[in-house]
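Quick notes on the structure that follows.
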Amino acid sequence: MKTALITGASRGIGRAVARELAHQGWAVGINYLNRTDKARELVEELTAAGCHAAMFQADVADSAAVAEMVRKLGETFSPVELVVNNAGVSGQGLFQDTTDEMWDRYLAVNLSGARNTVKAALPHMISEKRGCIVNISSIWGQRGASCEVAYSCTKAGIIALTRSLAMELAPSGIRVNCVAPGVINTDMVQVLGQETVEELIRETPLGRLGTPEDIAYAVAFFASERAGFITGQVLTADGGFIV
Ligand code: NAP
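Counting in our numbering, the sequence shown runs from 7 upward without gaps.
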């Protein structure tokens, strides 16, 4: 049984990724920050379906907490072979109104969070010469976004992290790839309000919001043996938004 850690898996995209991987036979570690209820609900759902799942509360920005989570997940199932860096925070506002605290928090969760999980999982992957990392960026890390400067910087950083790590870890047999979602129907998008959501749908050539499952399938592909010769890539899944 192979073990995957999915950060931010209590809700939204991470939840769909955990569900998809669990049904493909991975033992899944469901990381979350606040929503114990949602994480528990998912563990119960997956366990009832005959899958292996366990939940771990940890702030991905806290490297010690992440290291402890990776250790415990390894003990619960087996050492982590797949990391999906999905946990993220976003928010809208002018660049001038972004406080030092907000700037630091976006970077700490969205970018350092990914660094923390990879750092914790790497020793085992390197010693086994096997492993896979899938990072979740955003189209706003590929293209600029007004009023989301801090968020866009973190998501562009995730792409640089993906490509650089892919180069560094290839000799160790570890693949690193990235999915860049467009506008996906989760809490993160619903907070924008109905009018903005409808505008975003109009801007999406395929004429709909993406579903969390649309992203989960892309992540599962990168995680699979079928992507065995693919590393350092960014797959945009956005209904044509930034073509
Ligand atoms: P979401 O619905 O807001 O869910 C966020 C998830 O991340 C929750 O499970 C949350 O846990 C967890 N989380 C937040 N901060 C955390 C922290 N510090 N430590 C651990 N877990 C934390 O978001 P989403 O839309 O699914 O987005 C998931 C990822 O996709 C993010 O990286 C986001 O930037 C990216 N993305 C989303 C979209 C979109 O349109 N939705 C587009 C492009 C990229 P709790 O439930 O415990 O709070």
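The C-beta atom is built at its ideal place from N, Cα and C for all residues, glycine as well.
Beta carbon proximity, residue i to chain B, threshold 9 Å
i, result
"Arg181", "Given the protein chain composition of this structure (a single chain), no chain B is represented."
Limits of the unbroken beta strand (DSSP E) element including residue i
i, result
"Phe83", "Unbroken run through Phe83: none, as it is neither H nor E."
"Gly35", "33 to 38"
"Met61", "59 to 63"
"Arg181", "180 to 187"
Reference residue i, options the options, closest by Cα
i, options, result
"Ser158", "Gly99, Cys138, Ala233", "Gly99"
"Asp244", "Thr202, Ile190, Gly238, Glu134", "Ile190"
"Lys78", "Leu88, Met61, Val115, Gly18", "Met61"
"Val76", "Thr53, Thr13, Leu175", "Thr13"
"Ala70", "Ile19, Ala45, Ala127, Gly18", "Ala127"
"Leu88", "Ala33, Ala166, Ile165, Gln200", "Ala33"
"Ala55", "Gly31, Asp43, Ala73", "Gly31"
Contact test: residue i Cβ vs the ligand NAP heavy atom, cutoff 8 Å
i, result
"Leu190", "Note on identity: in this sequence residue 190 is Ile, with Leu being the wrong assignment. It does: the Cβ of Ile190 is within 8 Å (strictly closer) of some heavy atom of the ligand NAP."
"Asn183", "no"
"Met7", "no"
"Gly20", "yes"
"Gly137", "no"
"Arg214", "no"
"Tyr223", "no"
"Leu241", "no"
Own chain, CB closer than 6 Å to residue i, minus 5 neighbours either side, in chain order
i, result
"Glu26", "Ala222, Ala226"
"Val203", "none"
Own chain, CB closer than 8 Å to residue i, minus 5 neighbours either side, in chain order
i, result
"Ala22", "Thr217, Pro218, Glu219, Ile221, Ala222"
"Val49", "Ile36, Ala59, Ala60, Met61"
7 Å CB neighbourhood of residue i in its chain, flanking five on each side removed
i, result
"Gly246", "Thr210, Pro211, Leu212"
"Ala67", "Ala114, Val115, Ser118, Gly119"
"Ala224", "Val185, Leu241, Ala243"
Original post:
Do the segment 112 to 123 and the segment 83 to 93 touch if we need at least three Cβ pairs shorter than 8 Å?
Top reply: Result yes; three or more Cβ-Cβ pairs closer than 8 Å.
**OP:** Could you tell me whether the segment 171 to 180 touches the segment 133 to 141, where touching means 3 or more Cβ pairs closer than 8 Å?
**Re:** Counting C-beta pairs with one atom in each stretch, the segment 171 to 180 and the segment 133 to 141 have three or more that are closer than 8 Å, which means they touch.
Original post:
Contact between the segment 100 to 112 and the segment 47 to 65: three or more CB pairs below 8 Å?
Top reply: No, the segment 100 to 112 does not touch the segment 47 to 65.
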